[in-house]
Amino acid sequence: MVSLGALWLPILLSAVLVFILSSVIHMVLGYHNRDYGQLSNEDAVRAAIRSGNPTPRQYIIPYAVDPKQMDSPEMKRKFAEGPVGVLFLKPPGPQGMGPTLVRWFVFVLVVSFFVAYIASHALPASSDYLRVFQIVGAVAFLAYAAGELPAAIWMGKPWSVACKEAFDGLLYGLATAGVFGWLWPR
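Sequential numbering from 1481 applies to the sequence shown in my numbering.
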């Protein structure tokens, strides 16, 4: 078993590398640019939502209080008419990137920490690069990518978007695996 203290450098460097890689993916490569579409009546939709004075949270349309309501003629009509979807609302006001980037970095740091925790219990200090790469890569891939597919299954996220985000998770997992394999204590 390897102590977590011995893994502080791969934890930190893998988080920094994933952060940089995600910046390159989103700001340079731009293959996520078309993941979101604009409603043709955006202003009317915004006004309708604003008129209900909703609090920032997650909403589902149409909404049923309990599963029994799903069988009612009214709910069946609402589902048939559409739209059917999930809506996430943030607080109104400027949406600065700074706090979001800080939260993203904290997230990747936490992922790297738990990847290190699992690897430290699964691998001895004498493990070679490939073995560390395999274990760390699998765990990091699951952490970064596995949650994207249930969003497509349950929330209606387009499969093309979920697959691109899972691909990003694969890249983040490979980057994390490479750093840990390189800096694993021997």
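Glycine included, each C-beta is placed from N, C-alpha and C at the ideal position.
Counted as a single uninterrupted DSSP element, the stretch harbouring Gly1617 is not any beta strand (DSSP E) but the alpha helix (DSSP H) occupying residues Tyr1609 to Ala1625. By the Cβ test, the region 1533-1548 is not in contact with the region 1505-1515, since fewer than three Cβ pairs between them sit closer than 8 Å. DSSP, read as helix, strand or coil, puts Val1564 in coil. Taken through DSSP and simplified to helix, strand or coil, Gln1549 comes out as helix.
Per DSSP, reduced to three states, the secondary structure at Tyr1652 is helical. For Tyr1597, the enclosing alpha helix (DSSP H) starts and ends at Met1577 to Ala1602. Cβ-Cβ separation between Phe1660 and Ala1599: approximately 6 Å, consistent with a contact (criterion under 8 Å).
According to DSSP, Ile1540 shares a beta bridge with Val1566. For Arg1514, no alpha helix (DSSP H) encloses it, and the DSSP letter there is neither H nor E. In terms of Cβ geometry, Gly1658 and Ala1620 do not form a close pair [threshold 8 Å]. The closest CA to that of Gly1573, considering only Pro1536, Val1586 and Pro1542, is found on Pro1536. Under a 10 Å Cβ-count criterion, Phe1594 is classified as exposed, with fewer than 16 other Cβ atoms of the shown protein chains found around its own Cβ. Contact between Ile1541 and Val1525 does not hold, since the beta-carbon distance rounds to 11 Å and is not under 8 Å. In its chain, beyond the 5 residues on either side, Pro1536 have a beta carbon closer than 7 Å to the beta carbon of Lys1570. Between Val1498 and Val1616, the C-beta spacing is not below 8 Å.
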